[in-house]
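The structure appears right after this line, and notes come after that.
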Amino acid sequence: MAEPILVVEELQKSYGDNHAVRGVSFRVARGEIFGLLGPNGAGKTTTISMLTGLFPPDAGTVTVDGLDLKTQLAAVKAKLGLVPQELALYPTLSARQNLTFFGKIYGLRGKQLSNRVKEVLEMIGLTDKADKAIETYSGGMKRRVNIGAGLLHKPEILFLDEPTVGVDPQSRNAIFENVEMLNREGMTVIYTTHYMEEAQRLCHRVGIIDTGKVIALDTPSALIRSLGGGIIFLGVAEEQAEALAEQVTQLPAVKAATRTDGQIKIETHRVQEGLMGALDLANRLDVRLTSLEILEPNLESVFLHLTGKKLRQ
Amino acid sequence: MNALDVAWKDIQILLKDRGQVILLFVLPIVFVMAFSAALSASANSQPAIDVPVVNLDAGGEKSQNLVDRLNADQGLKTQAYGDEAQAEADLKDEKIKLALVIPAGFTSDIEAGQVAKLRLVRGPAASESEITTVRLVAEGIAADLSLETQLEAGLSQMGAMMGDAPAATQAFTVERIKAQAESQYERAKTDPLLAVEARWPAALTGGKEEFEPSSFSMAGFAILFAFMGAQVTAASIHDEKKLGTFRRLQTSPLSRFELMVGKMLPNFVIALVQVAIIFGLSVVLLPLMNLGAPSLGSDPLALVVVTVVLAVCSMGLGVFIAALARTESQVGGIATVLLWVSGMVGGAFLPAFLLGNFLNTIGKVVPHYWALQAYNDLLIRGKGLVDVLPAVGILAGFALLFLVVGLAKFRFD
Numbered sequence: 020m021a022e023p024i025l026v027v028e029e030l031q032k033s034y035g036d037n038h039a040v041r042g043v044s045f046r047v048a049r050g051e052i053f054g055l056l057g058p059n060g061a062g063k064t065t066t067i068s069m070l071t072g073l074f075p076p077d078a079g080t081v082t083v084d085g086l087d088l089k090t091q092l093a094a095v096k097a098k099l100g101l102v103p104q105e106l107a108l109y110p111t112l113s114a115r116q117n118l119t120f121f122g123k124i125y126g127l128r129g130k131q132l133s134n135r136v137k138e139v140l141e142m143i144g145l146t147d148k149a150d151k152a153i154e155t156y157s158g159g160m161k162r163r164v165n166i167g168a169g170l171l172h173k174p175e176i177l178f179l180d181e182p183t184v185g186v187d188p189q190s191r192n193a194i195f196e197n198v199e200m201l202n203r204e205g206m207t208v209i210y211t212t213h214y215m216e217e218a219q220r221l222c223h224r225v226g227i228i229d230t231g232k233v234i235a236l237d238t239p240s241a242l243i244r245s246l247g248g249g250i251i252f253l254g255v256a257e258e259q260a261e262a263l264a265e266q267v268t269q270l271p272a273v274k275a276a277t278r279t280d281g282q283i284k285i286e287t288h289r290v291q292e293g294l295m296g297a298l299d300l301a302n303r304l305d306v307r308l309t310s311l312e313i314l315e316p317n318l319e320s321v322f323l324h325l326t327g328k329k330l331r332q
Numbered sequence: 013m014n015a016l017d018v019a020w021k022d023i024q025i026l027l028k029d030r031g032q033v034i035l036l037f038v039l040p041i042v043f044v045m046a047f048s049a050a051l052s053a054s055a056n057s058q059p060a061i062d063v064p065v066v067n068l069d070a071g072g073e074k075s076q077n078l079v080d081r082l083n084a085d086q087g088l089k090t091q092a093y094g095d096e097a098q099a100e101a102d103l104k105d106e107k108i109k110l111a112l113v114i115p116a117g118f119t120s121d122i123e124a125g126q127v128a129k130l131r132l133v134r135g136p137a138a139s140e141s142e143i144t145t146v147r148l149v150a151e152g153i154a155a156d157l158s159l160e161t162q163l164e165a166g167l168s169q170m171g172a173m174m175g176d177a178p179a180a181t182q183a184f185t186v187e188r189i190k191a192q193a194e195s196q197y198e199r200a201k202t203d204p205l206l207a208v209e210a211r212w213p214a215a216l217t218g219g220k221e222e223f224e225p226s227s228f229s230m231a232g233f234a235i236l237f238a239f240m241g242a243q244v245t246a247a248s249i250h251d252e253k254k255l256g257t258f259r260r261l262q263t264s265p266l267s268r269f270e271l272m273v274g275k276m277l278p279n280f281v282i283a284l285v286q287v288a289i290i291f292g293l294s295v296v297l298l299p300l301m302n303l304g305a306p307s308l309g310s311d312p313l314a315l316v317v318v319t320v321v322l323a324v325c326s327m328g329l330g331v332f333i334a335a336l337a338r339t340e341s342q343v344g345g346i347a348t349v350l351l352w353v354s355g356m357v358g359g360a361f362l363p364a365f366l367l368g369n370f371l372n373t374i375g376k377v378v379p380h381y382w383a384l385q386a387y388n389d390l391l392i393r394g395k396g397l398v399d400v401l402p403a404v405g406i407l408a409g410f411a412l413l414f415l416v417v418g419l420a421k422f423r424f425d
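Residue numbers (the numbering used here), protein chains in the order written: chain D, 20 to 332; chain A, 13 to 425.
Dropping the structure here:
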């Protein structure tokens with residue numbers, strides 16, 4: 020890995036008996052787009068909140084560009100930009116007033132501030148409507164201002180927390196293009212999402228997070244490769260499942276077959292060949308099939324494989 | 013400087029909210045005008061009541077005397093009606109509210125020591141208070157007339173009895189006795205031995221004879237609405253938490269101290285501007301509208317000190333409410349109790365002596381009471397900075413209490 024700009028070691032956070040984050044560790048290289056992928060409630064936002072200094076972790080350390088978050092909080096915060104999940108803007112103020120305010124908070128003043136506001140307005144495509152109250156904007160336009168407010172001070176690391184929730188496809192594409200453009204300019208991006216296709220498209224590396232722990236971390240292609248050729252779920256009668264699972268495991272295109280709740284989960288090297296073999300075996304053993312589901316190899320199926328849950332549950 | 017940026021942003025948001033601007037800057041002036049008018053009306057005499065008089069004892073000395081004395085009362089204004097039927101028709105049509113009928117033979121009946129009955133006829137438009145006022149005044153004058161006549165008759169009778177005695181032994185003639193009695197009546201009217209003086213209580217005026225009720229209203233509503241800024245602060249903090257901007261600001265280099273100062277500062281500035289506007293407009297507008305001429309006292313420095321401490325107290329109360337309330341409706345509920353009810357028991361609406369002992373005592377546990385004491389000392393009682401220091405000290409104590417408890421209990425998440 021290239022020089023890490025962010026080092027997270029054994030981060031923990033609990034709220035009473037609820038262990039929201041349980042020993043999260045990862046490193047992010049300078050100039051990388053790093054994804055934190057996980058379902059709602061997995062601990063992504065809590066992790067982001069600790070990384071951006073919103074509240075301290077119960078345990079663990081965070082180092083940003085060599086600076087310790089705990090002891091050099093103000094210096095670290097100046098290097099970070101956060102685009103929160105909610106539209107954290109002032110609805111009765113215009114886009115220009117919102118951006119100007121957030122620019123001032125990050126220390127921009129005078130000509131530098133007005134130039135930067137102008138640049139960001141151009142980047143998010145709202146120069147024409149810059150002086151209208153943002154409460155009159157569409158959801159997608161508000162999202163773009165929300166992102167713009169996190170960019171004014173040109174942060175070294177930009178945290179984007181579920182930035183496309185509730186956004187129309189056109190605005191979503193515009194957001195992707197903005198993120199890719201910022202990254203090309205050298206900005207490191209930490210991107211949390213529960214949309215696997217976003218993580219797959221944007222992220223150089225992805226950490227899959229569930230119940231407060233990072234359960235897998237690699238490039239999207241490596242994670243998908245680890246799954247093999249895809250997963251097949253065959254619904255069968257309970258009394259016939261054992262025999263079929265044993266036989267299916269022997270097929271050359273199959274990595275493993277396990278029984279789960281009236282189904283046989285078949286992990287394959289090559290999904291088409293594995294499916295044909297499994298159906299042939301079921302026919303020969305006179306096993307009655309009740310359902311069939313094929314998961315193409317992607318991050319969604321990786322998550323399902325790792326947790327037994329779907330990302331959008 | 014970041015705190016100033018937060019404060020300026022909040023002021024921009026506030027100025028875009030017409031409802032808040034009206035609540036904080038327009039409504040106080042309306043209240044001051046309305047209550048000044050009400051207090052002035054109770055302090056000064058009411059407009060004279062028109063009393064149509066049908067005098068059926070035309071030319072009679074006593075009836076004319078009665079009409080003259082009715083007119084002499086500042087609360088009544090007589091209007092001669094020659095025809096009783098016309099008066100009754102006008103009463104029915106509500107052209108007049110009431111009519112006083114002096115019966116024929118009124119003078120002769122009184123002089124003869126017989127009962128003479130005045131008739132007060134009321135129409136549907138007459139209020140109970142108008143009828144009662146006219147009845148009491150007419151009864152009083154009639155009783156005086158009757159007494160004077162009876163005394164004069166008695167003295168005349170005594171004089172006549174003495175008339176039979178030798179001239180050398182007569183100390184007083186009938187004419188001298190009557191002249192002396194009439195002289196005493198006149199003196200009693202112009203320089204009575206027993207007089208009633210209506211005045212405001214010394215607790216309010218500090219013994220000063222000149223009291224301007226509009227000064228009281230001006231101070232009371234300046235205090236009430238300066239504290240309203242606390243609700244705006246609490247609601248603004250709650251809104252920021254709901255919007256997520258509070259969280260966003262905490263991830264910026266802005267420290268929590270700067271953030272809180274930035275959130276409180278507009279409250280302080282607004283309270284100062286409110287008091288300046290309320291006092292300034294009251295002093296200019298109320299005299300033009302004939303609603304009184306409020307005073308700003310004689311110690312401008314003391315006025316500034318009281319106003320600054322009031323603004324700090326309002327600022328502290330804003331954080332205190334924000335710390336106590338967890339939802340938007342709780343902000344409204346707590347603010348209603350702490351601001352409106354405290355304003356009421358603290359005497360901001362009505363002078364404390366009108367609230368009764370119980371409320372007057374309770375009032376001492378709210379900051380409004382002490383702010384009002386300080387302002388009243390300056391504006392009404394003509395005192396100075398040293399005199400108001402105890403009240404200002406207690407107000408500052410409230411400010412400190414609100415700030416310490418509010419900041420200690422405040423949740424940033």
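Note that the Cβ used here is the ideal one computed from N, Cα and C, for glycine as well.
Between Phe-245/A and Arg-244/D, what straight-line distance do the alpha-carbon atoms span, to the nearest angstrom?
Note on identity: in this sequence residue 245/A is Thr, with Phe being the wrong assignment. C-alpha separation (whole angstroms): 55 Å.
(Q) Cβ closer than 8 Å: which chain B residues qualify as neighbours of Ala-149/D? (A) Looking at the structure shown, chain B is missing, and the protein chains on hand are D and A.
Closest by C-alpha distance to Ile-67/D, when choosing among Thr-90/D, Val-43/D, Glu-51/D, His-38/D: Val-43/D
DSSP three-state label for Arg-134/A, please. strand
- Item | Option nearest Ser-120/A by Cα separation, candidates Gly-72/A, Asp-80/A, Asp-85/A | Gly-72/A
Quiz item: Helix, strand or coil for Asp-91/D per DSSP?
Solution: Reading off the sequence, residue 91/D comes out as Gln, not Asp. Gln-91/D: coil per DSSP, three-state reduction.
Q | Val-198/D, enclosing alpha helix (DSSP H) - first and last residue | A | 188 to 203
- Query: CB-CB under 8 Å to Ile-228/D, same chain, minus the five flanking residues each way: which ones, in chain order?
  - Reply: Val-43, Leu-55, Leu-56, Gly-57, Ala-61, Gly-62, Lys-63, Thr-66, Ile-234
Straight-line gap, Ile-235/A to Phe-361/A (C-alpha atoms, nearest Å): 10 Å
**Message:** Contact between the segment 246 to 253 of chain A and the segment 83 to 97 of chain D is defined here as three or more beta-carbon pairs at a separation below 8 Å; is this criterion met?
**Reply:** no
Alpha helix (DSSP H) runs wholly inside the segment 95 to 157 of chain A, at least 4 long, in chain order
96 to 104, 118 to 123
Report task. Specify the secondary structure class of Ser-195/A as computed by DSSP and reduced to three states. Result -> helix
| request: Per DSSP, which residues does Gln-91/A bridge with? Please list them. | output: Pro-64/A
Please state whether DSSP places Asn-360/D in a helix, a strand or coil. Missing from the structure shown is residue 360/D; chain D here goes from 20 to 332 and no further.
Would you mind telling me which residues of chain D sit closer than 7 Å to Arg-259/A, beta carbon to beta carbon, in chain order? Leu-73, Pro-103, Ala-107
Using the Cβ count rule (16 or more neighbours within 10 Å means buried), how would you classify Ala-46/A? exposed
Return yes when the Cβ of Ala-154/A is within less than 9 Å of the Cβ of Gly-135/A, no when it is not.
no
Quick check on this structure: which residue in Pro-188/D, Gln-291/D, Asp-187/D, Leu-177/D has the alpha carbon closest to the alpha carbon of Glu-199/D? Leu-177/D
Practice problem: Note the first and the last residue of the continuous alpha helix (DSSP H) segment covering Thr-64/D. | Solution: 63 to 70
Worksheet item: Between the Cα of Leu-284/A and the Cα atoms of Ala-242/A, Ser-248/A, Pro-306/A, Pro-299/A, which residue gives the shortest distance?
Response: Ala-242/A
Looking at the unbroken alpha helix (DSSP H) that takes in Val-349/A, where does it start and where does it end?
-> Unbroken run through Val-349/A: none, as it is neither H nor E.
Asp-77/D vs Lys-32/D beta-carbon contact at 9 Å: yes
Count the C-beta pairs between the segment 104 to 117 of chain D and the segment 266 to 282 of chain A that are closer than 8 Å, then say yes if the count reaches three, no if not.
no
*Cα-Cα separation, Val-65/A to Glu-164/A*: 27 Å
Check whether chain A comes within 9 Å of Phe-121/D, counting only Cβ atoms and requiring the distance to be less than that. yes
Original post:
In terms of DSSP beta bridges, what is Tyr-210/D paired with?
Top reply: Gly-54/D, Leu-179/D
**Q.** Stretch-stretch touch, CB-based, cutoff 8 Å, three pairs: the segment 265 to 279 of chain D with the segment 219 to 226 of chain D
**A.** no
Report task. Under 8 Å by Cβ, that's how I've got Ile-285/D and Val-267/D pegged, so tell me the actual separation to the nearest angstrom. Result -> 6 Å
| query | Would Leu-391/A pass as a contact of Val-331/A if the rule is Cβ separation under 9 Å? | reply | no
Can you name the residues of chain D whose CB is closer than 7 Å to the CB of Ser-264/A?
-> Lys-96, Ile-124, Tyr-125
Give me the residue from Pro-265/A, Lys-376/A, Ser-307/A with the minimum Cα distance to Gly-172/D. With the sequence shown as reference, residue 172/D is identified as His, and Gly is not the correct amino acid for it. Ranking the options by Cα distance to His-172/D, first place goes to Pro-265/A.
DSSP beta-bridge partners of Lys-284/D: Phe-252/D, Thr-277/D
Are Ser-353/D and Gly-254/D touching if we call contact CB-CB under 9 Å?
Residue 353/D lies beyond the stretch modelled for chain D, which goes from 20 to 332, so this question has no answer here.
**Asked** Rounded C-beta distance between Gly-293/D and Leu-270/D? I'm assuming under 8 Å.
**Response** 6 Å
ask   = Roughly how many angstroms lie between the CA atoms of Lys-129/A and Met-173/A, to the nearest whole one?
value = 32 Å
**Asked** Short check: CB of Val-149/A to CB of Leu-82/A, under 9 Å?
**Response** yes
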